[in-house]
Amino acid sequence: SAGELILATNNWASLEPPAEPLHAEVAGVDASIWWNWSSPVSTNVLIDTAGSSFDPVVAVYQGGTLDALEPVASSTWDEQHNQQANVNFLAEVGTTYRIAISSISAGDEGDVRLRVAPGWLPDVLPPVVTILAPGSETLVDVPDVLVSGTAKDGEPFPTGLERVEVSVNNGAPLLADGLQNWSARLTLPPGTNIVKAVAFDWAGHMSPADTVIVRYMNPTNDLFDASILLTDLGGHIDAVNERATKEEGEPPHGGNDGGHSIWYTFQAPAQGLFSLTTADSSFDTLLAVYTGDSVTNLTLVAENDDVTPGSGYSEIVTGLESGVTYHLAVDGYGGEWGDISLDYSFATTEDYFSINYTSMLGGTVTPPAGLFLAGTLQPVTALPSRDFVFDGWEGTVTGTENPLVLTMDQNYLLAPRFRVISFTEDFESGGFGNLPWSLEGGSEWFVQDKYAQSGRYAARSGPMQDNDFGALILTTTMIEGTGSFGFMVNSEKGFDVLEFFLNGVPQGRWSGNVPWQTFLFPVPEGTNRLEWRYSKDANFGAGLDSAFIDNLYLPLADSSLAASLSIAHLPLGIVQIVVQGRPGRTYAIQTSPDLIHWTDAHTDATPDGSFVWQDPDSISEPMRYYRAELR
121 SAGELILATN
131 NWASLEPPAE
141 PLHAEVAGVD
151 ASIWWNWSSP
161 VSTNVLIDTA
171 GSSFDPVVAV
181 YQGGTLDALE
191 PVASSTWDEQ
201 HNQQANVNFL
211 AEVGTTYRIA
221 ISSISAGDEG
231 DVRLRVAPGW
241 LPDVLPPVVT
251 ILAPGSETLV
261 DVPDVLVSGT
271 AKDGEPFPTG
281 LERVEVSVNN
291 GAPLLADGLQ
301 NWSARLTLPP
311 GTNIVKAVAF
321 DWAGHMSPAD
331 TVIVRYMNPT
341 NDLFDASILL
351 TDLGGHIDAV
361 NERATKEEGE
371 PPHGGNDGGH
381 SIWYTFQAPA
391 QGLFSLTTAD
401 SSFDTLLAVY
411 TGDSVTNLTL
421 VAENDDVTPG
431 SGYSEIVTGL
441 ESGVTYHLAV
451 DGYGGEWGDI
461 SLDYSFATTE
471 DYFSINYTSM
481 LGGTVTPPAG
491 LFLAGTLQPV
501 TALPSRDFVF
511 DGWEGTVTGT
521 ENPLVLTMDQ
531 NYLLAPRFRV
541 ISFTEDFESG
551 GFGNLPWSLE
561 GGSEWFVQDK
571 YAQSGRYAAR
581 SGPMQDNDFG
591 ALILTTTMIE
601 GTGSFGFMVN
611 SEKGFDVLEF
621 FLNGVPQGRW
631 SGNVPWQTFL
641 FPVPEGTNRL
651 EWRYSKDANF
661 GAGLDSAFID
671 NLYLPLADSS
681 LAASLSIAHL
691 PLGIVQIVVQ
701 GRPGRTYAIQ
711 TSPDLIHWTD
721 AHTDATPDGS
731 FVWQDPDSIS
741 EPMRYYRAEL
751 R
């Protein structure tokens, strides 16, 4: 094992002349402090001072008295590894060794970080640091951003993490809170920012930097490439274009140069008519619709300055083709700016049926809700989040087929169900030691082995008097995702209740005889406070008069970036690939005919880390292998 870590100081220490030896034969050695140590086995042992506040002298001896010591090993500096003093020698079982830590000269004292590690060697590997949130290429509309991630010291002989530093655009570093799981709140300047994190260990090693690109723009859709996708078939948008700009090469909209344009994108789900109006905006607007792939390569579809002369607002009604992506620009006449009021709607001119979904926790579905041409076959794929699996469909269609192939001859309302398969805390340790739990109230929760959702143990509210409560509380840093826990209640119905709060907001309330069931809830990114509170009213009780919690899952930050990959076969022989990775990270799907030669076929990144790709070449390829690679 790593042995024992000792924190001490030699600020008030001295030598014991004339008997005390000159440690490491340093003439001016001073301020020594001593320890005795015996090895439990015969092995090499590392004794080091990495992380001490000064450069100590290490000396190891055998012998029973100060004037009869025999030197075993000593060091003033590890030249080979460029580290503070350490020694490594063969220790014999049962032998007592005298360890002296001293200063090279008088006045050179400070804090000592002493480690005795049987079987170890000096730490020669740097730590590894990973930024988990925000993901690279994130776009934000506020300057304050919470950056979080993980760090780990290099194996197999780590001295441990000393600190994590985060910086913006190579500016002054900010010390992060935490080590293995760390976070730091940064203030970004407008524009494109490089956020960098580095970790340091006690041996003085610095990790390779991990970086992400975060763009702070207000409004976020100032640029063509950052346009906001309109996912509904109609709606109302309020926006402000005061800080918006006009890009180099951007065309004039509505026949006027403008100067404060913002952008939206709409993909036509079918052939139909698209209506836009800026009525009720606070200034004279311009409106235009384009196709194209860049701000300098646009084809005008429709544009308008004033719907009627002098009206001051714009209006467009234009036909759209199914599957085509259209770009909408809203600007101000003569560079005006202010409050934008934009209403839009789409109406089909062919026969279509809809697919809609209920709220989803633990995963997503592709394609998004929308309209699909009557008579066609539409595959619908459930995409579980990391640590979840798909558990079946409810709604218009029930079953476990995934992907689910729908014949578009009716409207569908589907509810995908997902189930967690990995627990953050299942209490199988028999206590609360795995997470930073805290307790409040007059009755304390405890871990027991009589009732559990699975396994042997679960947490239970403690015995309490009337008009009392007991709260089990967890505060920790998480990434955005889905949380889950199992619970059981056996109490006086309607009066003695279990309540669950997330950041002080009630999420669920249960009483009476409630058998074991699982509750899922959305978790925002950042530091969250979770509270399970069991409370009693003024009198009476029923049943076990208790609440139970088990199998907690939380989307904690972790360092695993590897993606999982699954394959499904669609109609007509098309192969569909589902990738589950970390949120905000980019993954490439590669193909190979022989597991030797690999070629990039598709690269993607999504906010939740999961995406689907259908291989257009799978029909003609007799044998094809797939893998996902982090980029």
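Mapping of the sequence shown onto the numbering used here: residues 121 to 751, in sequence order. Note that CB positions come from ideal geometry on N, CA and C, so glycine has one too.
| Sorted by chain position, which residues of the same chain lie with C-beta nearer than 7 Å to residue 91's C-beta, five sequence neighbours on each side aside? | No statement about residue 91 is possible, as the shown extent of the chain runs from 121 to 751 and does not include it.
| query | So what's residue 635 in DSSP terms, helix, strand or just coil? | reply | In the three-state reduction of the DSSP assignment, residue 635 falls in the strand class.
| field | Minimum C-alpha distance to residue 207 - residue among 529, 237 and 452 | value | Nearest to residue 207 by alpha-carbon distance, out of 529, 237 and 452, is 237.
| query | How is residue 497 classed by DSSP in three states: helix, strand or coil? | reply | DSSP places residue 497 in strand when its eight states are reduced to three.
| Hey, how far is the Cα of residue 679 from the Cα of residue 279? | Note that residue 679 has pLDDT 49, beneath the 50 cutoff, so the model's placement of it is unreliable and the number below is only indicative. If you take the alpha carbons of residue 679 and residue 279, they lie about 19 Å apart.
| request: Note down the Cα distance separating residue 285 from residue 295, rounded to an integer number of angstroms. | output: Note on geometry: alpha-carbon atoms of residue 285 and residue 295 lie some 5 Å from one another.
| message | Assuming contact is defined by CB atoms lying nearer than 8 Å, are residue 176 and residue 221 in contact in what I supplied? | response | Yes.
| message | Tell me whether residue 581, by its Cβ, gets closer than 7 Å to a heavy atom of the ligand NAP. | response | In the structure on display, the ligand NAP does not appear, and there are no ligands present to speak of.
| query | Curious, which full-length beta strand (DSSP E) runs of at least 3 residues does the segment 186-241 contain? | reply | Scanning the segment 186-241 from its first residue to its last, the whole beta strand (DSSP E) runs of 3-plus residues come out as 190-195, 206-211, 216-223 and 231-238.
| Quick one: what's got a C-beta closer than 8 Å to residue 376's C-beta in the same chain, skipping five residues either side? | Here residue 376 has 406, 425, 451, 453 and 454 as same chain residues with Cβ atoms under 8 Å from its own Cβ, once five neighbours each way along the sequence are excluded.
| field | Sequence-distant residues of the same chain with beta carbon closer than 7 Å to residue 502, five excluded per side | value | Here the set comprises 483, 485, 510, 522 and 536.
| task | Would you decide whether residue 250 is buried or exposed? Buried here means 16 or more other CB atoms lie within 10 Å of its CB. | result | By the neighbour-count rule (16 or more Cβ atoms within 10 Å), residue 250 is buried.
| query | DSSP state of residue 679, grouped into three classes? | reply | Annotation note: pLDDT 49 at residue 679 (below 50); position unreliable, no value reported.
| From the DSSP output, which residues share a beta bridge with residue 452? | Residue pairing by DSSP places residue 452 opposite 405 in a beta bridge.
| field | Cβ neighbours of residue 283 in the same chain (closer than 7 Å, five flanking residues each side left out) | value | Excluding positions up to five away in sequence, the list reads 295 and 320.
| query | Tell me which same chain residues have a C-beta within less than 8 Å of the C-beta of residue 548, skipping the five on either side of it? | reply | 575, 576 and 577, listed in sequence order.
| message | With H, G and I counted as helix, E and B as strand and the rest as coil, what does DSSP make of residue 600? | response | Under the three-state reduction of DSSP, residue 600 is assigned to coil, being neither helix nor strand.
| Under 8 Å, do residue 212 and residue 287 count as touching if we go by C-beta distance? | No. Outside cutoff.
| Straight-line Cα distance separating residue 508 from residue 351 | As the crow flies, the alpha-carbon of residue 351 is around 26 Å from that of residue 508.
| field | Through-space distance from residue 562 to residue 475, alpha-carbon basis | value | Spanning the two alpha carbons is a distance of roughly 51 Å.
| Sequence-distant residues of its chain with Cβ nearer than 6 Å to residue 456 (five each side left out) | Correct list, in chain order: 403 and 404.
| message | Applying the 10 Å Cβ sphere with the 16-neighbour rule, what's the burial state of residue 720? | response | So residue 720 counts as exposed.
| query | Tell me the DSSP bridge mates of residue 513? | reply | Bridge partners of residue 513: 519 and 536.
| task | Please state if the CB of residue 596 and the CB of residue 648 are separated by a distance shorter than 8 Å. | result | In contact: residue 648 and residue 596 (Cβ atoms closer than 8 Å).
| message | Going residue by residue through the segment 627-671, where are the continuous beta strand (DSSP E) segments of at least 3 residues, counting only ones entirely within it? | response | As far as the segment 627-671 is concerned, its whole beta strand (DSSP E) runs of at least 3 residues are 633-643 and 646-655.
| task | Ignoring anything shorter than 3 residues or poking outside the segment 535-612, list the beta strand (DSSP E) runs there in chain order. | result | Qualifying beta strand (DSSP E) stretches, in chain order: 557-561, 566-568, 578-580, 589-598 and 601-610.
| Rounded separation between residue 716 and residue 696 - CA only | If you take the alpha carbons of residue 716 and residue 696, they lie about 22 Å apart.
| task | Write down the C-beta distance between residue 336 and residue 254 rounded to the nearest angstrom, noting that I regard them as a contact closer than 8 Å. | result | Incorrect: roughly 11 Å between the Cβ atoms, too far for contact.
| Contact belief for residue 369 with residue 332 at Cβ below 8 Å, rounded distance in angstroms | Actually they are not in contact, since the Cβ atoms of residue 369 and residue 332 sit about 28 Å apart, beyond 8 Å.
| field | Status (buried if at least 16 other CB within 10 Å, exposed otherwise) for residue 751 | value | It counts as exposed.
| said: Considering only the alpha carbon of each residue, which of 513, 636, 384 and 541 lies closest to residue 479? | reply: In this structure, 513 is the residue among 513, 636, 384 and 541 with its C-alpha nearest to the C-alpha of residue 479.
| Can you tell me whether residue 179 is buried or exposed, with buried defined as 16 or more other CB within 10 angstroms of its CB? | The C-beta of residue 179 has 16 or more other C-beta atoms within 10 Å across all chains shown, which makes the residue buried.
| message | Give me the residue from 224, 258 and 138 with the minimum Cα distance to residue 147. | response | Nearest to residue 147 by C-alpha distance, out of 224, 258 and 138, is 224.
| Per-residue DSSP class, three states only, for residue 362 | Annotated three-state conformation of residue 362 is coil, per DSSP.
| query | Taking just the CA atoms, how far does residue 267 sit from residue 314? | reply | Each residue's alpha carbon lies about 12 Å from the other.
| field | Nearest-angstrom Cα separation, counted from residue 277 out to residue 122 | value | In this prediction, residue 122 has a pLDDT of 45, which is less than 50 and means its spatial position is unreliable; what the coordinates show is noted afterwards. In this model, residue 122 and residue 277 are separated by some 8 Å (Cα to Cα).
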